[in-house]
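Numbering-wise, my numbering puts 833 at position 303 of the sequence shown, and it's gapless, one number per residue.
Since the structure comes first, as structure tokens, the remarks are kept for the end.
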Amino acid sequence: SGARVRRAHHKRPPQFLDRDVDVTFSDVAGLGKIRLELEEIVKFFTHGEMYRRRGVKIPGGILLCGPPGVGKTLLAKAVAVGASRVRALYQEAKEMAPSVVFIDELDAVGRERGLIKGSGGQERDATLNQLLVCLDGFEGRGEVITIASTNRPDILDPALVRPGRFDRKIYIPKPGLIGREEILKVHARKKPMAEDVDYVAVASVTNGMAGADLANIIEVAAINMMRDGRTEISTDDLFQAAQIEESGLLDLKYRSLEMWKRVAFNEAAMAVVAVNFPDFRNIEFVNIAPRAGRNLGYVRVNIDYVKYSEGMLSRQSVLDHITVQLAPRAADEIWNGEDQLSTIWAETAHNARLAARVFCSWWPFREALWGIDEEALRILHTCYDRAKEILLKNRELMEAMVKELVEKKSLTKLEFFRLVELHGSLEPMPPSI
Ligand code: ADP
């Protein structure tokens, strides 16, 4: 299997076998309480006896879950090194050395058997078996802690997460605004940053990114600085790097003026509609320069990621989202007419359709079994009309924005909102469903 088991044997300081590892808790940023929770584990190593005497149950293993790049490995390394530091103090007094077994991507060994082999009753994978034996067999818990990481806790063999095994699960989420700021600062420590770098601004345009992405932004910004023969990394270097991280490198392909305009209408429509809605009005930039891996342009809306991931988007927000996704189709109809429609909005219209379907299935009291397609269609039509209405009210804004976009290829937050102020007509609209 693909899992790596790294073991720090006793008699040696407990650390990862990777040569380059020198991670401490100060390298892990933006995780608040989670970090404290793991720091506590270092205490299990060194004060295991004390915990046991007081009847505190020491977990058999800790499962770090969460999307890639959020710092799961980093945390596990920090625990190992942390343990070794403290241990040095007690080395002479203690015979048994603490150790950490770290299993990266536990799902590679620990996938539920049925999921790989189709039927039950088959032999459990030998590696998994061995792992289970080891998890149960360690004497003196608290001196041997197993830490595993996965971004698919849902597919793990239930035997692994039984009490006494990986019975402590810690979810490591993506960082929020403040977390991102802290992570950027940690990675900026060893780089020649300009004095006035605005970390908050960079944090606010990197919504949704994991620590690994943020670390990468600093590296890319440094390369950018070198290329220009400068000696300090500026906020602008970071912005550019953030955009590359998010949308790929600039890919300057040929577009006719007509094509630039169509793309500009497409993106402007989404931005102009979005700015009317409370959860989507936080627009960071609008961009129509083609980038590797993205065909059209891009509107970056800074949604409240926490609210979103915790299921706190309101029903109205979902309808607003659908309306935004339908805006390009509505703009195409308004500015090019039904006869001259392109298919440029196909992807966003598809998103809208999916969202409308999902939305309908949330209302079981409406009897999801009948009429769900009609209901979805009704929602799509209502949202579409709403998008059209907003665009028609903002013709002047749309045209000014398209002009500027075609010229400059991208609008910053400031430029965008200046246009909205000059030409926009934003009125809070009553919900129409
Ligand atoms: P995971 O194991 O969750 O997939 P890693 O721990 O391997 O992610 O993260 C990869 C790299 O990203 C780290 O080595 C570090 O440079 C950076 N990173 C990720 N999360 C954080 C964080 N919370 N604080 C600081 N750096 C981070």
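We treat Cβ as the ideally placed atom computed from N, Cα and C, and that holds for glycine.
Given the structure is predicted, the values throughout are model-derived calculations rather than measurements.
Between Leu566 and the set Val600, Arg584, Phe946 and Val609, the nearest pair of CA atoms involves Val609.
For His717, same chain residues with a beta-carbon under 6 Å away, outside a window of 5 residues either side, are Ala745 and Ile748 in chain order. Rounded to the nearest whole angstrom, the C-alpha separation of Trp790 and Glu877 is 18 Å. The beta carbon of Ser556 sits closer than 7 Å to no other beta carbon from its chain once the five residues preceding and following it are set aside. Note on Tyr701: under 16 other CB atoms within 10 angstroms of its CB, so exposed under the neighbour-count rule.
Beyond the five residues adjoining it in sequence on each side, Pro683 comes within less than 6 Å, by CB distance, of Cys595 in the same chain, given in chain order. Contact between Leu935 and Ile818 holds: CB atoms are separated by about 5 Å, below the 8 Å threshold. Rounded to whole angstroms, the gap between the alpha carbons of Val950 and Leu921 is 12 Å. In this structure, Ile763 sits near Ala752, with a CB-CB distance shorter than 8 Å. Set against 7 Å, the gap from the CB of Gly954 to the closest heavy atom of ligand 1 is not smaller. In terms of Cβ geometry, Ile633 and Thr676 form a close pair [threshold 8 Å]. Just measuring C-alpha positions, the residue of Thr853, Glu775 and Ala794 sitting nearest Asp809 is Thr853.
The closest heavy atom of ligand 1 lies 7 Å or more from the beta carbon of Ser556. In the DSSP assignment, Ile813 falls within the unbroken beta strand (DSSP E) covering Ile813 to Asn817. By the neighbour-count definition (other C-beta atoms within 10 Å, threshold 16), Met931 is a buried residue.
The criterion of a C-beta distance shorter than 8 Å is satisfied by Ala906 and Cys890. For the pair of segments examined, the segment 696-716 was found not to touch the segment 755-762: the number of CB pairs separated by less than 8 Å stays below three.
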